[in-house]
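Note that full-length UniProt numbering gives residue 163 to position 163 of the sequence shown, counting from 1, and the numbers run on in steps of one. Backbone N, C-alpha and C define an ideal beta-carbon position, used for all residues, glycine too. No experiment lies behind these values; they were computed from the predicted model shown.
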Amino acid sequence: MAAHKDFDLSSLANMDTAPATFTMVSHNSTYGAIDPARPELAQAGQTVLITGGGTNIGKAIATAFTTAHAKTVIIVSRNKAVLDAAVEELKSYATSIVSPTTFLSRSVDVSKDDEVVGLWDWLAAEDISIDILVLNAAYFAEAKLLHNLGIESLWREFEVNVKGPLHFAEKFQKQKDFFKSPKALLHVTTGAIHMLKNPIVAARPSYPLTKSTATFAIMQIADAYKPDQLQVLNFHPGMLYGDGWRAFGITEDMLPFDSLDLPGSFAVWAASKEAHFLHGRYVAANWDVDELRTGDFKKHLEENPDYLRLAIVGVRETGRAY
Numbered sequence: 001m002a003a004h005k006d007f008d009l010s011s012l013a014n015m016d017t018a019p020a021t022f023t024m025v026s027h028n029s030t031y032g033a034i035d036p037a038r039p040e041l042a043q044a045g046q047t048v049l050i051t052g053g054g055t056n057i058g059k060a061i062a063t064a065f066t067t068a069h070a071k072t073v074i075i076v077s078r079n080k081a082v083l084d085a086a087v088e089e090l091k092s093y094a095t096s097i098v099s100p101t102t103f104l105s106r107s108v109d110v111s112k113d114d115e116v117v118g119l120w121d122w123l124a125a126e127d128i129s130i131d132i133l134v135l136n137a138a139y140f141a142e143a144k145l146l147h148n149l150g151i152e153s154l155w156r157e158f159e160v161n162v163k164g165p166l167h168f169a170e171k172f173q174k175q176k177d178f179f180k181s182p183k184a185l186l187h188v189t190t191g192a193i194h195m196l197k198n199p200i201v202a203a204r205p206s207y208p209l210t211k212s213t214a215t216f217a218i219m220q221i222a223d224a225y226k227p228d229q230l231q232v233l234n235f236h237p238g239m240l241y242g243d244g245w246r247a248f249g250i251t252e253d254m255l256p257f258d259s260l261d262l263p264g265s266f267a268v269w270a271a272s273k274e275a276h277f278l279h280g281r282y283v284a285a286n287w288d289v290d291e292l293r294t295g296d297f298k299k300h301l302e303e304n305p306d307y308l309r310l311a312i313v314g315v316r317e318t319g320r321a322y
C-alpha cells in the first residue's frame, strides 16, 4: 500500500496522543483491574455479538470474552473466510484455557439492511438472545479532505460507521424479552473525535465526522435507560496498528502502539457492573479505571452530566442548554 502523498512523517514527533494521557496512570496493555479472568468480571451465561469480529480489535474482544467464560460469542463481518479462520482460532484458545465458550459466525455487511435483518431473524429463529452487543465494525474512506472525497465515498462511510451501528442497536433493543435480564451495548469509537488537529486525523476528516455522529447517537440511546437495564458505553480502543496507519507510510516501530489485549479486556470490564458509573459516557481503554472511579473524576461524573460526553463547549454554563 502506497503512503499518503501529502503526509509529512516528520510531524509524528509532535503528534498528540491525548486519549492515552487523560488519567495520571495510562495503560498500553491489559492490567489487573480489567483482567477478564477476574471472577468479578465473569460473563458466564452471556451471549455476545461482535460486529467486525473476525480480525484485530473485534477478535481481541472475542478472545477476552472467551477468557471471561461467556456462554456464546458470535462474530460477524463481511468476509466468511476470515470469520471461519477466527472461529477456529477462538475454539483452540477456549480449549487451551478450558473455557466453555462456544462460537458462531455469520457473514454480514452491516450497511446492508437485508443482511442485518436476516441476521437478527436468524438469531430469533434459533432462539438466541443477545446479552452484550459490541459495535466494532468500521470503514475508512480515502485520506482526503471532505470536499475532495466525493459524496458517494463519504456516504459509504456514514452507512458503515453510523447507519450500521444504529440498525444493530435497534434490532438489539427490539429482541423478545429484552428487559428480562440486564444488557450491555458497547460502541468502539475513536479518540480522533476530539483530536482534530492531529495530523493523521486532519488528513482523514471523514472518519472522525462519522464516528462522532455514531458516538453521539449511542449517547442518546443511553439516556433512555438506567445502567442496570442497558449499560451503554462508547470507548476509544487505544492506538492500535493496522491498515489505516500503513496508508500513511507509518510502520509499527514509529509510534508507541498499544496491545490488542487492551481493548479486549476493557470491553469485558465495560460490560460489567463495575462500569455502571460510566453509563452513557466516552472513555479510552488506556485510562486507568481505578482513577476514573475515585477522587476528582468521580466528583465530575456525579456533578456534571456533560462530563465525558459530546456537547457544545460553553453553552450549558450560560443556561441555554436547558
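Just verifying my parser: in three-state terms, what is the DSSP assignment at leucine 186?
For the purposes of this step, residue 186 is taken as residue 186 along the sequence shown, with counting starting at 1. Strand at leucine 186.
Okay, do the segment 159–170 and the segment 26–36 touch, 3+ Cβ pairs below 8 angstroms being the bar?
Touching, no.
Alpha carbon to alpha carbon, how far is valine 232 from isoleucine 221? Give it in angstroms, no decimals.
What you label residue 221 is simply residue 221 of the sequence shown in a count that begins at 1. What you label residue 232 is simply residue 232 of the sequence shown in a count that begins at 1. Roughly 8 angstroms separates the two Cα atoms.
Decide if methionine 24 is buried, meaning its Cβ has at least 16 other Cβ atoms within 10 Å, or exposed.
Taking the sequence shown and counting its residues from 1, the one referred to as residue 24 is at position 24. With fewer than 16 other Cβ atoms within 10 Å, it is exposed.
Between which residues of its own chain and glycine 52 is the CB-CB distance below 7 angstroms, once the five residues before and five after are set aside?
For this step, residue 52 is matched to residue 52 along the sequence shown. Result list for glycine 52: Gly58, Ser77, Asn136, Ala137, Ala138, in chain order.
Less than 8 angstroms between the C-beta atoms of alanine 271 and isoleucine 130, yes or no?
If you number the sequence shown from 1, residue 271 lands on position 271. If you number the sequence shown from 1, residue 130 lands on position 130. Cβ distance not < 8 angstroms, so alanine 271 and isoleucine 130 don't count as in contact.
Since isoleucine 61 and valine 134 should fall inside the 8 angstroms C-beta cutoff, what is the C-beta to C-beta distance between them, to a whole number of angstroms?
Looking up residue 61 in the sequence shown gives position 61. Looking up residue 134 in the sequence shown gives position 134. 6 angstroms between Cβ atoms; contact.
Please classify proline 237 as buried or exposed, where buried requires at least 16 neighbouring CB atoms within 10 angstroms.
Numbered from its first residue, the sequence shown carries residue 237 at position 237. Under this definition proline 237 is a buried residue.
For phenylalanine 235, which residues does DSSP report across the bridge?
For the purposes of this step, residue 235 is taken as residue 235 along the sequence shown, with counting starting at 1. Bridge partners of phenylalanine 235: Val188, Val283.
What do you reckon, is the C-beta of leucine 123 under 7 angstroms from a heavy atom of the ligand FAD?
As far as ligands go, the structure on display features none, and thus does not contain the ligand FAD.
Going by other Cβ atoms of all chains shown within 10 Å of its Cβ, with 16 needed for buried, is glycine 280 buried or exposed?
What you label residue 280 is simply residue 280 of the sequence shown in a count that begins at 1. Classification of glycine 280: buried, given that the 10 Å Cβ count is 16 or more.
Kindly list the residues whose CB is nearer than 7 angstroms to the CB of tyrosine 285, restricted to its own chain and excluding five residues on each side of it in sequence; keep chain order.
For the purposes of this step, residue 285 is taken as the residue at position 285 of the sequence shown. One point to set straight first is that residue 285 is alanine, not tyrosine, in the sequence displayed. Cβ neighbours of alanine 285 beyond the five flanking positions: Phe235, His236, Pro237, Gly238, Leu262, Pro263, Phe266.
For the putative contact between isoleucine 75 and serine 105, defined by C-beta atoms under 8 angstroms, what is the C-beta separation to the nearest angstrom?
Here residue 75 is taken as the residue at index 75 of the sequence shown, counted from 1. Here residue 105 is taken as the residue at index 105 of the sequence shown, counted from 1. Confirmed, Cβ separation roughly 5 angstroms.
Can you check DSSP and say which residues form a bridge with threonine 47?
As a working mapping, residue 47 is identified with position 47 in the sequence shown. Beta-bridge pairing links threonine 47 to Thr72.
Report the partner residues of threonine 102 according to the DSSP bridge assignment.
Here residue 102 corresponds to residue number 102 of the sequence shown, with the count starting at 1. Answer is Thr72, bridged to threonine 102.
Assuming histidine 194 contacts isoleucine 218 under a Cβ cut-off of 8 angstroms, what Cβ separation, rounded to an integer in Å, is found between them?
Numbered from its first residue, the sequence shown carries residue 194 at position 194. Numbered from its first residue, the sequence shown carries residue 218 at position 218. Actually they are not in contact, since the Cβ atoms of histidine 194 and isoleucine 218 sit about 15 angstroms apart, beyond 8 angstroms.
Would you mind stating whether leucine 146 and phenylalanine 216 have Cβ atoms separated by less than 8 angstroms?
On the sequence shown, position 146 is the one that residue 146 refers to. On the sequence shown, position 216 is the one that residue 216 refers to. Not in contact: leucine 146 and phenylalanine 216 (Cβ atoms no closer than 8 angstroms).
Thinking just about the alpha-carbon of each residue, which of Tyr207, Asn198, Gln229, Pro205 is nearest to the one in lysine 180?
The residue labelled residue 180 in the question sits at position 180 within the sequence shown. With distances taken between Cα atoms, lysine 180 lies closest to Gln229.
Would you report the Cα separation of alanine 143 and tryptophan 155, rounded to the nearest angstrom?
Taking the first residue of the sequence shown as position 1, residue 143 is located at position 143. Taking the first residue of the sequence shown as position 1, residue 155 is located at position 155. Whole-angstrom Cα-Cα distance: 15 angstroms.
Taking its Cβ as the centre, do 16 or more other Cβ atoms sit within 10 Å of threonine 101, making it buried, or is it exposed?
The sequence position of residue 101 within the sequence shown is 101, counting from 1. Flag for threonine 101 reads buried.
If we require 4 or more residues per run, which alpha helix (DSSP H) segments fall completely within the segment 234–270?
Within the segment 234–270, the complete alpha helix (DSSP H) runs of at least 4 residues are 243–246, 261–270.
If you compare alpha carbons, which of Asp114, Phe178, Leu123, Phe65 is closest to lysine 91?
Numbered from 1 along the sequence shown, position 91 holds the residue referred to as residue 91. Comparing Cα positions, the closest option is Phe65.
By alpha-carbon positions, which one of Thr67, Lys273, Ala125 ends up nearest to threonine 95?
Taking the sequence shown and counting its residues from 1, the one referred to as residue 95 is at position 95. Nearest option by C-alpha distance: Thr67.
Give the straight-line distance between the Cα atoms of asparagine 79 and alanine 86, rounded to the nearest whole angstrom.
Against the sequence shown, residue 79 aligns to sequence position 79. Against the sequence shown, residue 86 aligns to sequence position 86. If I take the Cα positions, the gap works out to 11 angstroms.
In the DSSP assignment, what are the bridge partners of leucine 230?
Working through the sequence shown from its first residue, we reach residue 230 at position 230. Leucine 230 pairs with Lys183.
Identify which residue in Ser111, Asn304, Thr213 has its Cα closest to the Cα of histidine 167.
As a position in the sequence shown, residue 167 is number 167, starting the count at 1. Looking at the Cα atoms, Ser111 is the closest of the given residues.
Considering isoleucine 34, what are the terminal residues of the beta strand (DSSP E) in which it resides?
The residue labelled residue 34 in the question sits at position 34 within the sequence shown. Here isoleucine 34 belongs to no beta strand (DSSP E), and DSSP marks it neither H nor E.
Please work out which residues of its chain come closer than 8 angstroms, Cβ to Cβ, to tryptophan 269, disregarding the five sequence neighbours upstream and downstream, and give them in chain order.
By 1-based counting over the sequence shown, the position of residue 269 is 269. Closer than 8 angstroms at Cβ, skipping near neighbours: Ala33, Ile34, Pro36, Leu41, Ala275, Val289.
Figure out for me which residue from Tyr225, Leu123, Asp223, Asn28 has the closest Cα to the Cα of glutamine 175.
Looking up residue 175 in the sequence shown gives position 175. Nearest option by C-alpha distance: Leu123.
Taking all protein chains shown into account, do 16 or more other C-beta atoms lie within 10 angstroms of the C-beta of isoleucine 200, making it buried, or fewer, making it exposed?
Your numbering for residue 200 matches position 200 in the sequence shown. So isoleucine 200 ends up on the buried side.
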